[in-house]
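Structure record follows, encoded as structure tokens.
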Amino acid sequence: MSLKHAFVLTGGIGTGKSTAASLLALHGYAIVDADKSTHALLEKHAAELINIFGEGVSEKGQISRPKLGALVFGDPAKRATLEAFLHPKIRLDLLQQAHALETAKKPYFLDIPLYFEIEGQQSYGISQIILVYAPREVQMQRVAQRDNLSRAQILERLNAQMDIELKRTLSPYILDNSKDLKHLQTQVEAFLNSL
24 MSLKHAFVLT
34 GGIGTGKSTA
44 ASLLALHGYA
54 IVDADKSTHA
64 LLEKHAAELI
74 NIFGEGVSEK
84 GQISRPKLGA
94 LVFGDPAKRA
104 TLEAFLHPKI
114 RLDLLQQAHA
124 LETAKKPYFL
134 DIPLYFEIEG
144 QQSYGISQII
154 LVYAPREVQM
164 QRVAQRDNLS
174 RAQILERLNA
184 QMDIELKRTL
194 SPYILDNSKD
204 LKHLQTQVEA
214 FLNSL
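Take any residue in the sequence shown, note its place counting from 1, add 23, and you have its number in our numbering.
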């Protein structure tokens, strides 16, 4: 069954994708959130992941996301191992939710931060892609304000993702979030009016 009513919402760290998803939800659209799926899967598969990566990624028997993040962003091989473990499970979960939403025959949004990095078009078969865009300098400022990370840690995370300017060339729809919330709201409304 093809996902005729699905749009992928993607971006990069600090571009404001979660804010855009919240605005779409306020307009009554369903959001399928890859991050929520990831959190649930980290909880469900904690024992297996601790077995793979060691006790250093755990806290009281659960996965500590900051500890796991510090480990995998500093080591491309470990990041590849984690992605190979998680991505098929995330994909299955998101597709199950998407197929359930198809029956309503209304647009809905799959919030997938790493859509291009995981070659999402081949995995999900969705070509209606919306990029929440902010230039790299803005991404860095927002992440510095939001997360307690060093400049080196922010750069590690940015460099682990495809460059935002390249994503921009691959996306049929762009929501420019280089300014304030009001500007993003205007962008979201203009996009919804074009549907």
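C-beta: ideal position from N, C-alpha, C; glycine also. Predicted model, so just to flag it, every value in this text is computed and none were measured.
Quick one: give me the first and last residue of the beta strand (DSSP E) that residue i is part of.
{"i": "Leu133", "result": "Tyr131 to Asp134"}
{"i": "Tyr156", "result": "Ile152 to Tyr156"}
{"i": "Phe30", "result": "Ala29 to Thr33"}
{"i": "Tyr19", "result": "Nothing about residue 19 can be read from this structure; the chain reaches only from 24 to 218."}
{"i": "Leu193", "result": "Note, Leu193: premise wrong, no beta strand (DSSP E); alpha helix (DSSP H) at Ile187 to Leu193."}
Between which two residues does the alpha helix (DSSP H) containing residue i stretch?
{"i": "Leu181", "result": "Arg174 to Asn182"}
{"i": "Leu198", "result": "Leu198 -> not in any alpha helix (DSSP H); beta strand (DSSP E) instead, spanning Tyr196 to Asp199."}
{"i": "Ala213", "result": "Leu204 to Ser217"}
{"i": "Glu160", "result": "Arg159 to Arg169"}
Quick check: residue i and residue j, are their CB atoms within less than 8 Å of each other?
{"i": "Tyr156", "j": "Leu198", "result": "yes"}
{"i": "Leu94", "j": "Val80", "result": "yes"}
{"i": "Phe96", "j": "Ala43", "result": "no"}
{"i": "Gly39", "j": "Leu207", "result": "yes"}
{"i": "Gly35", "j": "Ile187", "result": "yes"}
{"i": "Leu193", "j": "Arg159", "result": "no"}
{"i": "Leu109", "j": "Val211", "result": "no"}
Report the residue from the options whose alpha carbon sits nearest the alpha carbon of residue i.
{"i": "Met185", "options": "Asp134, Lys205 and Thr33", "result": "Thr33"}
{"i": "Leu72", "options": "Asp58, Gly92 and Lys59", "result": "Gly92"}
{"i": "Gln85", "options": "Ala70, Gly97, Pro99 and Asp98", "result": "Ala70"}
{"i": "Gln151", "options": "Ala100, Lys128 and Pro195", "result": "Pro195"}
{"i": "Val31", "options": "Ile149, Arg180, Leu181 and Thr192", "result": "Ile149"}
Less than 6 Å between C-beta atoms, sequence neighbours within five positions excluded: which residues of the same chain meet that for residue i?
{"i": "Ala53", "result": "Leu124 and Tyr131"}
{"i": "Ser146", "result": "Arg114"}
{"i": "Val161", "result": "Ser201"}
{"i": "Lys190", "result": "Phe139 and Leu154"}
{"i": "Arg165", "result": "Gly37"}
{"i": "Arg88", "result": "none"}
{"i": "Met163", "result": "Ile177"}
Within the same chain, show all residues whose beta-carbon is closer than 7 Å to that of residue i, passing over the 5 residues directly before and after it, in chain order.
{"i": "Ala121", "result": "Leu26, Ala29, Val55 and Leu133"}
{"i": "Thr104", "result": "Ile75"}
{"i": "Lys205", "result": "none"}
Cβ of residue i less than 8 Å from any chain D Cβ?
{"i": "Gly92", "result": "Reference to chain D is not applicable here, since this structure consists of a single protein chain."}
Can you list, in chain order, the residues of its chain whose CB lies under 8 Å from that of residue i, leaving out five sequence neighbours each side?
{"i": "Glu106", "result": "Ile141"}
{"i": "Leu117", "result": "Val55, Ala57, Ser60, Leu133, Ile135 and Tyr147"}
CB of residue i to nearest heavy atom of the ligand MG: below 7 Å?
{"i": "His62", "result": "Questions concerning the ligand MG fall outside what the structure shown contains, since it holds no ligand whatsoever."}
For this session: Note down, one range per segment and in chain order, each alpha helix (DSSP H) of at least 4 residues found wholly within the stretch 68 to 102.
Result: Annotation: the stretch 68 to 102 contains the following complete segments of the alpha helix (DSSP H) (minimum length 4 residues), in chain order: 69 to 76 and 88 to 96.
For this session: Identify every run of the beta strand (DSSP E) within the stretch 34 to 66, keeping only runs that are complete inside it and at least 3 residues long; order them along the chain.
Result: 54 to 56
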